[in-house]
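For the protein sequence lines, the chains are L and P, in the order given. Using UniProt numbering, the letters of the first sequence map in sequence onto residues 1 to 135. Using UniProt numbering, the letters of the second sequence map in sequence onto residues 1 to 135. First up is the structure itself, then whatever we jot down about it.
Number of protein chains: 2
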Amino acid sequence: MAALKYSRQRESIKKYLASTTEHPTADMVYLHIKEEFPNISLGTVYRNLNLLSDIGEAIKITTPDGGDRFDGNVAPHNHFYCEGCRRVLDLKMDMGPLKELNASAQQTFDGLIESSSVLFFGKCQNCLKHPSENQ
Amino acid sequence: MAALKYSRQRESIKKYLASTTEHPTADMVYLHIKEEFPNISLGTVYRNLNLLSDIGEAIKITTPDGGDRFDGNVAPHNHFYCEGCRRVLDLKMDMGPLKELNASAQQTFDGLIESSSVLFFGKCQNCLKHPSENQ
DNA sequence: GTTTCTGCAAAGTTTTTGCACGTCA
DNA sequence: TGACGTGCAAAAACTTTGCAGAAAC
């Protein structure tokens, strides 16, 4: 069990994640942190993002378009992935309906499950309005 | 717009997907089809899985453990990803609660969304019972 | 001084693609 | 025959890892 040591790079990554709601990829984080630390490497960014995710200070969201997304908001919430523009959106729904849904799932699936988060797939407002502009 | 032509390999892949509920990875499909077509290549398996997914005859499910899963059941249903054993399970819940959840999400997110499917994350029955055996 | 972290580069994993040949219609 | 599909291998895309030196404590 390794003790955690401070690093300016990790602190900068945390600050960046806390400042945005766009759920950046590792590469987007890398490009941003590079402005402050021109020598930072992508490997360091990956190591820190995984570390933060492991200790619960960030969330990793796997999407179908290659490249995980990262979220500095670790308060319980769910996500929506737009299959049109490929953005990840925060859903600040209350957890009541989620519990109902969980219960419904448990009734039909032959065994208990305990769901902690949910990822919705579909189209966002903008892509519903302008189907031609996106794939 | 290319016309679709029959191929024995694709037919075999479809048959396999229809016969299983374990949501195999491309590699698992490859290994299975290889028993019937020893010379089939992984590239062909990927091409056919993507093709089937594109024309709506299969579903591709991206999970956080690397390697997409494929499902031959294209009837509307949702999935559960167990973070313990990394299995993908089918959820045969009715769509009522999902619509409620959607509505709840739409009220708090500033814009309409239209969700077609949902992926739950959590622990399955077996992993809840035996936490030590899985990560 | 010791442990942890970083930058770099190499390697690993999964998926896609170019091309020559084979199959379907 | 002509269009589409396959096998193979190379490449692409994304992520992890080994190592020597730097930073933290």
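Every residue gets a Cβ at the ideal spot worked out from N, C-alpha and C, and that includes glycine. If you're wondering where the values come from, they're calculated on a predicted model, not measured in any experiment.
Query, Result
"P/K59, buried or exposed, once every other Cβ within 10 Å from all chains shown has been counted against 16", "According to the sequence as given, residue 59 of chain P is Ile; it is not Lys. P/I59 comes out buried."
"For L/H32, the first and last residue of its enclosing alpha helix (DSSP H)", "26-36"
"Cβ neighbours of P/F37 in the same chain (closer than 7 Å, five flanking residues each side left out)", "Q9, S12"
"Continuous alpha helix (DSSP H) stretch holding P/V45: start and end", "42-54"
"Contact set between P/E116 and chain L, taken where Cβ atoms lie within less than 7 Å", "Going by the sequence as given, residue 116 of chain P is Ser instead of Glu. Neighbours of P/S116 on chain L, chain order: F121, G122."
"Distance between L/P76 and P/Q125 (C-alpha atoms, nearest Å)", "22 Å"
"7 Å Cβ cutoff, L/T62 in contact with chain P", "yes"
"Member of P/N48, P/R69, P/V88, P/Y16 whose CA lies at the smallest distance from the CA of P/E35", "P/Y16"
"Length of the line joining the Cα atoms of L/L49 and L/A3", "17 Å"
"Contact the segment 14-34 of chain P vs the segment 65-74 of chain P: 3+ CB pairs below 8 Å", "yes"
"P/N39 versus P/Y46 - alpha carbon distance", "15 Å"
"7 Å Cβ cutoff, P/Y30 in contact with chain L", "no"
"In DSSP terms, what residue 138 of chain P is bridged to", "Lying outside 1 to 135, the shown extent of chain P, residue 138 of chain P is not represented and no answer is given."
"C-alpha gap between L/G122 and L/K129, whole angstroms", "13 Å"
"Cβ shell of P/L52 (< 6 Å), same chain only, five flanking positions each side left out", "A58"
"Option nearest L/A18 by Cα separation, candidates L/N73, L/I55, L/I33, L/L119", "L/N73"
"Beta-carbon proximity list for L/K5, same chain, < 6 Å, skipping 5 on both sides", "none"
"Limits of the alpha helix (DSSP H) - the one that P/Y81 falls within", "Counting along the chain, P/Y81 falls outside any alpha helix (DSSP H), though it belongs to the beta strand (DSSP E) covering 78-82."
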